[in-house]
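Protein chains: 2
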Amino acid sequence: MHWSRWGDPAEAGPLSESAFALVDAFIGTADTPAVDPASVRLSAVLGQELLDELAGIVGVEHVLTDHDSRLHRTRGKSTPDMLKLRAGDGSDSPDAVVRPGTHDEVAALIAWAVERHVAVVPFGGGTSVVGGLVARREGYAGVVSLDLVRFDKLLAVDTDSMTATLEPGLRGPAAEALLAEHGLTLGHFPQSFEYASIGGFAVTRSSGQSSAGYGRFDSLVVGLRVATPQGGLVLGNSPANAAGPDLREVVMGSEGAFGVVTAVTVRVRRLPAVKVYESWRWDSFAGGATAMRTLAQAGVLPTVLRLSDENETQINLAKPAEVGGDSGGGCLMITGFEGTQEAVDAKRAAVTALLTGLGGAGLGEDEGWSSGRFHGPYLRDSLLDVGVLVETLETVTFWSNLHRVYDAVKSALTSALGEGTLVLCHISHVYETGASLYFTVAAKQADDPIAQWMGAKAAASDAIIDNGASITHHHAVGQDHKPWLAREIGPVGVQMLRALKQELDPSGVLNPGVLIP
Amino acid sequence: MHWSRWGDPAEAGPLSESAFALVDAFIGTADTPAVDPASVRLSAVLGQELLDELAGIVGVEHVLTDHDSRLHRTRGKSTPDMLKLRAGDGSDSPDAVVRPGTHDEVAALIAWAVERHVAVVPFGGGTSVVGGLVARREGYAGVVSLDLVRFDKLLAVDTDSMTATLEPGLRGPAAEALLAEHGLTLGHFPQSFEYASIGGFAVTRSSGQSSAGYGRFDSLVVGLRVATPQGGLVLGNSPANAAGPDLREVVMGSEGAFGVVTAVTVRVRRLPAVKVYESWRWDSFAGGATAMRTLAQAGVLPTVLRLSDENETQINLAKPAEVGGDSGGGCLMITGFEGTQEAVDAKRAAVTALLTGLGGAGLGEDEGWSSGRFHGPYLRDSLLDVGVLVETLETVTFWSNLHRVYDAVKSALTSALGEGTLVLCHISHVYETGASLYFTVAAKQADDPIAQWMGAKAAASDAIIDNGASITHHHAVGQDHKPWLAREIGPVGVQMLRALKQELDPSGVLNPGVLIP
């Protein structure tokens, strides 16, 4: 991954002419390049004695301290993370990178970290956009990035139970490739798919574009192995049970603060024989949202279901390759169907009948959407280059509250960032009882774009919590969402998290500062 | 509810002639009547000073100490619970029964219990079969049953989001009646439906006969309000989110040990216009189980799906009213379809095609099954009257492990209880990755039937855990399953539960002895 941008360095490039013209007209541009990577100021390297001890655990070849290795594991991929690096601030870098190869090595590293009071930051894909990789440094003897890259195996496949056990360092494409050898798929395709890891998906409760068909990642997980400072934890003997609180649901969402996940058993599905995507047009966001709700509550959800609001439709952000093109107005909905030809035909017919009856206008098949999907984040960085601040945030609430939250967040962002701010939104995850809202914001960068965004983010987060929604549908908590998590779960909920943290990690070496308010 | 039997006292009666003949031939009978209820020895009544304080919180009319009120809230409805009461042992009775009417009164009662170090046992329907109502008495100034009977309101209905907020004391039929006024249903029909409560469903992770169509109760819950010794806890602003560990999943399954649930927000569905039940015959249990797995993994589950093994089919226990009748051999499967006529027709056609293709023989519609369903537990008590020990236990595992667990549990029970033991089994809850196994056991009562059963139960529980299944699919933990829960979640899992207990209820007054190993 590029050190200061999303994705493949070879793919990084300037805006298309049409996009640049659009941005220049609506927002204005300025040349704001990144510094040279060699000039980014990192933290001091971990002391030699500690490095020697790490080498004794994992082998010297798996302890990295070079500038590039540490730079590439500095923070995540949020816009503030990018802005800091682009300005040369690498102060949150790890002091060393260590790459264990086994559960026992992870356990030994944790024991070492407790003994030496070194902060440990589990690293999967490095794609956090909520400060999940930014550990508190004060009070620790150092900060080590525990890179799970060597946890790259498919450990078991059970085609009777349709489960597979994957190692946490597998990134999306590698996991899918291993499963495909067995004719299987996870069906988990978040926008971070190309870089994010199985372990990361689990501990952040990730959700992908096909969530309507395959489910959120937390609903795919049936088993977990975790290394904690208190010892190993193995959970999951069944799809569901009544054996007390579901501790899998405590590990999921724990963001490395309770332990390091070393194996994940997930529900899998047969690779679909057929994939079809379609576009629909709605006169209004409200009309499209009602149609989504109707589908969810009728139990006839397609595999992919996404609705852009009027602004996002106009910018055509659903198809990053076509930004600036002609959207046709109204609100764009994408539906996708995956499975056997028979299942796809049946579901598609039912969905088509319902959507048509509710006033949707079918625009036909749309192969372009899926292929361009993972290119979205590149756009953000091309915009940063020309002085435009771009960031996303998301929430989830019950259907009856959706439009209130939508209005409140838009209003908060516009008030905070001022005239000329673009606020785009889509719904991409639906449930019987509610749906997510995913906002993309673009504004001209101020002199201090980090402070500019933090103010807007705080205003939007307040609007989310004040209006009874969740601070995050699928981005997780990290450092950035902690104050609002505390409001969301209240003081007793915070006590519960702190008690679990204190019990599992009493010396506080696991991802300190992350998750726990 | 009858003091020493399941259900309505008016419905209690002797076995049918055919059932008696069957039992007499296979197991043998003996007259083993219960003692007179007035002669059951209860605990001492709570001291007057404490009673006066309780009356100050809830009003004197809501503090009950009479023999009958305390007898009816003594333990739950497991066979050992019944055997103890039938023998006159009421030593686990509450010293008083208190009936708060509001969340604030519950909070005040908890504060009082902490102050006076009195054990509090939340009471909904009193239907626990795992010792969930048997608090530890030693070290406490008394034991009070906190009866939630006055929490009987439907607090809110949101037909946009298809959710409803119910008070925890509502029993199944009352909750359904309130929802039916809005054309809605929970769709949660466990065998305990007529007596068990909404709060109990939530804190025990109940699962009902229609789980394939409506989901387990824990999957219906989107919000909870809880009174804890640390204050109120309000959870649930969305269908799902990524805001850290899902604390709803910690309250669910907590069995009153972390707090008292005072409101539950659940997903609801439209009342089905059509309900159709059918019978199918399979040559073998394995063949029927494979068919269930195929349905689940193809995503074409009926609303109800149940398969009796050869023994249960022969006894015809799927239809309690017809026990002893002609079963026709093989294995009986029940399928049920609920919804709109269109949805039922479509699902039924898909299921019929799959089951037929897999070798099932359709036996036609079967209206009898559903209506007789809730009468099952009465049979147990009629058998206790004639010297037969009858009890049930259940588990859940992944599909690939199902037959190993089935064989192991049957073998353990037969070994423990000896020749002539009847072990019947059915699968009634299926998932893509696995299924439940529900065993019914009948044997001639030994001189000490409680010790007899506890030995058999321990052997079966060991077999469950040794073979990697869960100690309970939907009966919960209570006192009875604690040792096996500890093995299931391991020492670190136990530490997590203890840490939550210590944090939320540091003085340990909430249902002491229950759940936490």
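Quick note, the sequences are listed as chains L and A, same order.
Everything in the first sequence is counted per the numbering used here, starting at 7 for the first residue and increasing by one.
Everything in the second sequence is counted per the numbering used here, starting at 7 for the first residue and increasing by one.
By construction, the Cβ of each residue, glycine as well, lies at the ideal position given by its N, Cα and C atoms.
Between the CA atoms of residue j and residue i - distance to the nearest angstrom
| i | j | result |
| --- | --- | --- |
| glycine 65 of chain A | leucine 154 of chain A | 15 Å |
| asparagine 247 of chain L | histidine 479 of chain A | 4 Å |
| glutamate 173 of chain L | isoleucine 204 of chain L | 7 Å |
| proline 39 of chain L | valine 392 of chain L | 8 Å |
| valine 498 of chain A | valine 135 of chain L | 30 Å |
| leucine 57 of chain A | alanine 114 of chain A | 14 Å |
| glutamine 485 of chain L | glutamate 261 of chain L | 10 Å |
| proline 43 of chain A | proline 106 of chain A | 27 Å |
| threonine 362 of chain A | alanine 352 of chain A | 15 Å |
| aspartate 158 of chain A | glycine 175 of chain A | 5 Å |
| asparagine 317 of chain L | cysteine 337 of chain L | 8 Å |
| threonine 268 of chain A | alanine 181 of chain A | 15 Å |
| proline 179 of chain A | threonine 80 of chain A | 23 Å |
| alanine 532 of chain L | threonine 85 of chain L | With chain L covering 7 to 523 only, the question about residue 532 of chain L has no answer from this structure. |
| histidine 194 of chain A | alanine 27 of chain A | 35 Å |
| alanine 355 of chain L | glutamate 400 of chain L | 31 Å |
| glutamate 344 of chain A | serine 467 of chain A | 35 Å |
| glycine 335 of chain L | valine 394 of chain L | 24 Å |
| leucine 423 of chain A | valine 396 of chain A | 11 Å |
Proximal residues to residue i (C-beta, below 7 Å), its chain only, five neighbours per side dropped
| i | result |
| --- | --- |
| proline 245 of chain A | Val228 |
| leucine 77 of chain A | Trp9, Pro43, Val46, Leu48, Gly96 and Ser99 |
| alanine 452 of chain L | Gln458 |
| alanine 18 of chain L | His8, Arg11, Tyr384 and Asp387 |
| serine 421 of chain L | Ala465 |
Contacts of residue i in chain A (Cβ-Cβ under 9 Å)
| i | result |
| --- | --- |
| arginine 527 of chain L | No statement about residue 527 of chain L is possible, as the shown extent of chain L runs from 7 to 523 and does not include it. |
In DSSP terms, what residue i is bridged to
| i | result |
| --- | --- |
| aspartate 95 of chain L | L/Arg47 |
| serine 151 of chain L | L/Val103 and L/Val127 |
| tyrosine 146 of chain A | Looking at the DSSP assignment, tyrosine 146 of chain A forms no beta bridge with any residue, so it has no partner. |
| valine 272 of chain A | A/Ala170 and A/Val227 |
| alanine 448 of chain L | L/Val396 and L/Leu428 |
| valine 282 of chain L | L/Phe343 |
Within chain L, the residues that residue i reaches when beta carbons sit closer than 7 Å
| i | result |
| --- | --- |
| isoleucine 116 of chain A | The premise fails here: isoleucine 116 of chain A is roughly 12 Å from chain L at the closest Cβ pair, so nothing lies under 7 Å. |
| proline 497 of chain A | Gly237 |
| serine 476 of chain A | Asn243, Ser244, Asn247 and Ala249 |
| arginine 211 of chain A | Ala248 |
| alanine 449 of chain A | None at all; the shortest Cβ gap to chain L is about 26 Å. |
| threonine 403 of chain A | Asn243 and Ser244 |
| histidine 479 of chain A | Asn247 and Ala248 |
| alanine 482 of chain A | Ala248 |
Per-residue contacts from residue i into chain A (C-beta, under 8 Å)
| i | result |
| --- | --- |
| arginine 273 of chain L | Glu438 and Thr439 |
Neighbourhood of residue i by C-beta, 8 Å cutoff - its chain only, sequence neighbours within 5 removed
| i | result |
| --- | --- |
| glycine 365 of chain A | Trp288, Asp289, Gly293 and Ala297 |
| lysine 416 of chain L | Val429, Cys431 and Phe445 |
| histidine 109 of chain L | Arg231, Ala233, Gly238, Thr268 and Ala269 |
| methionine 460 of chain L | Pro86 |
| serine 476 of chain L | Thr401, Val402, Thr403, Ile470 and Glu494 |
Any chain B beta carbon closer than 9 Å to residue i
| i | result |
| --- | --- |
| glycine 293 of chain A | No chain B is part of this structure, whose protein chains are labelled L and A. |
Within chain A, the residues that residue i reaches when beta carbons sit closer than 7 Å
| i | result |
| --- | --- |
| glutamine 501 of chain L | Gln236 and Glu509 |
| serine 406 of chain L | Asp164, Asp166 and Ser167 |
| leucine 57 of chain L | Residues of chain A passing the Cβ test: none, with the nearest at roughly 30 Å. |
| glycine 193 of chain L | Under the 7 Å cutoff, chain A gives no residues; its nearest Cβ is about 12 Å from glycine 193 of chain L. |
Closer than 9 Å at the beta carbon, the chain L residues around residue i
| i | result |
| --- | --- |
| leucine 277 of chain A | Those within 9 Å of leucine 277 of chain A in chain L number zero; the least Cβ separation is about 14 Å. |
Same chain only: Cβ atoms within 6 Å of residue i, ignoring 5 sequence neighbours per side
| i | result |
| --- | --- |
| valine 163 of chain A | Ala170 and His188 |
| serine 198 of chain A | Thr133 |
| threonine 71 of chain L | Val51 and Ala102 |
| glutamine 236 of chain L | Leu510 |
Partners in chain L for residue i, counting only beta-carbon separations shorter than 8 Å
| i | result |
| --- | --- |
| leucine 491 of chain A | Ala249 and Gly250 |
| methionine 258 of chain A | Pro251 and Asp252 |
Meets three-Cβ-pair contact criterion under 8 Å: the stretch 248-258 of chain A and the stretch 510-518 of chain L: The stretch 248-258 of chain A makes no contact with the stretch 510-518 of chain L: fewer than 3 CB pairs, one atom from each, lie closer than 8 Å.
Is the stretch 396-413 of chain A in contact with the stretch 268-288 of chain A, if contact means three or more CB pairs nearer than 8 Å? By the Cβ test, the stretch 396-413 of chain A is not in contact with the stretch 268-288 of chain A, since fewer than three Cβ pairs between them sit closer than 8 Å.
Does the stretch 409-421 of chain L come into contact with the stretch 367-382 of chain L, if we say contact requires no fewer than three beta-carbon pairs (one atom in each stretch) closer than 8 Å? The answer is no - the stretch 367-382 of chain L does not touch the stretch 409-421 of chain L, with fewer than three Cβ pairs under 8 Å.
Touch check for the stretch 433-445 of chain L and the stretch 211-228 of chain L: three-plus C-beta pairs under 8 Å? At 8 Å Cβ cutoff, the stretches touch.
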